[in-house]
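Residue numbering for the sequence shown is 6 to 212, as defined by our numbering.
The C-beta atom is built at its ideal place from N, Cα and C for all residues, glycine as well.
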Amino acid sequence: YGLVTLMILWLMTVLITPDRNGQIRGWRRARKLGRPKLSFQSDPATSFPWVFAMAAIGSGGWFWFAKKLVESAWFGTTGMPIAILPVFFLVTAVGGLGFHALLEGRGKRAAGLAVILVGIAPLLIGVTVGATGEGLVPLAVWISGCSPVAGPIYAVVTFLPLSNLPPDFERTIPRAFWFWQMAGLLWACNLAIKLRRGRRKIAKSTQ
């Protein structure tokens, strides 16, 4: 559920995020109309608030689904603490807002390249490394964890009770999960700061 939520968030982000040319045209139109800033709901305005809201709603739905599943008679475990909700939001926000800042600030080419190099390549490399021998499973877990696609999976393995997992997975996944989430959070914040500066430059250039 978390992985599907994240993918839907990426798709919606692509649909609602303005490109650089659209931002410039929007600012020029606003200047002609004598407006000091873009309308919150206008197409050239940043889509950050909407992506943030979708990340919050998506993580809430993910938590509700996981809670109902874990606390069901079929799963046969105890209650699911509310403290897991911020973790689900962290995973969704890091993946969603980081992608948004890259897409809006750098454009579709940079975002597409990031999807290949950061989203897909680590998974392929991790699977290849893990298939070569059991001794390389921890390394494969660390490599695959670099991908935001692995975030929801690692979160579930880290915080939800799962049986029949190899000991190497149980020890390595929580460490890899927290390391890559913190690294992703710093990366997303850095991109968001650069995006804000870039939008200010566009606004000043149209005065």
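Sequence-distant residues of its chain with Cβ nearer than 8 Å to residue i (five each side left out)
{"i": "A60", "result": "L14, F94, T97, A98, G101 and L102"}
Residue environment, residue i, which counts as buried when at least 16 other CB atoms sit within 10 Å
{"i": "I122", "result": "Here residue 122 turns out to be Leu, not Ile, going by the sequence shown. When all chains shown are included, L122 counts as exposed."}
{"i": "Q46", "result": "exposed"}
{"i": "I2", "result": "Nothing about residue 2 can be reported from this structure: the residues present for the chain run from 6 to 212 only."}
{"i": "G189", "result": "buried"}
{"i": "I87", "result": "exposed"}
{"i": "P157", "result": "buried"}
{"i": "R204", "result": "buried"}
{"i": "P171", "result": "exposed"}
{"i": "A35", "result": "buried"}
{"i": "V9", "result": "exposed"}
Anticipated Cβ contact below 8 Å, residue i with residue j, distance rounded
{"i": "W32", "j": "T211", "result": "4 Å"}
{"i": "F104", "j": "A115", "result": "Between A115 and F104 the Cβ distance is about 11 Å, and since that is not below 8 Å, they are no contact."}
{"i": "D173", "j": "V132", "result": "In fact, because the Cβ distance is near 15 Å, the residues do not count as touching under 8 Å."}
{"i": "F57", "j": "I89", "result": "No, F57 and I89 are not in contact; Cβ-Cβ is about 20 Å, not under 8 Å."}
6 Å CB neighbourhood of residue i in its chain, flanking five on each side removed
{"i": "F70", "result": "Y6"}
{"i": "Q28", "result": "P49 and I207"}
C-beta contact flag for residue i and residue j at 8 Å
{"i": "G150", "j": "W185", "result": "yes"}
{"i": "E76", "j": "G63", "result": "no"}
{"i": "L108", "j": "T51", "result": "no"}
{"i": "L11", "j": "P153", "result": "yes"}
{"i": "I148", "j": "V134", "result": "yes"}
{"i": "L128", "j": "A155", "result": "yes"}
Neighbourhood of residue i by C-beta, 7 Å cutoff - its chain only, sequence neighbours within 5 removed
{"i": "W55", "result": "I21"}
{"i": "Y159", "result": "G150, I178, A181 and F182"}
{"i": "A119", "result": "L107"}
{"i": "K72", "result": "M85"}
{"i": "L196", "result": "G103, A106, L107 and G110"}
{"i": "G112", "result": "D24 and R25"}
{"i": "S44", "result": "A50"}
{"i": "L200", "result": "A106, E109 and G110"}
{"i": "L144", "result": "V134"}
Chain C within 8 Å of residue i, Cβ atoms only
{"i": "I178", "result": "Here chain C cannot be found, since the structure has a single protein chain."}
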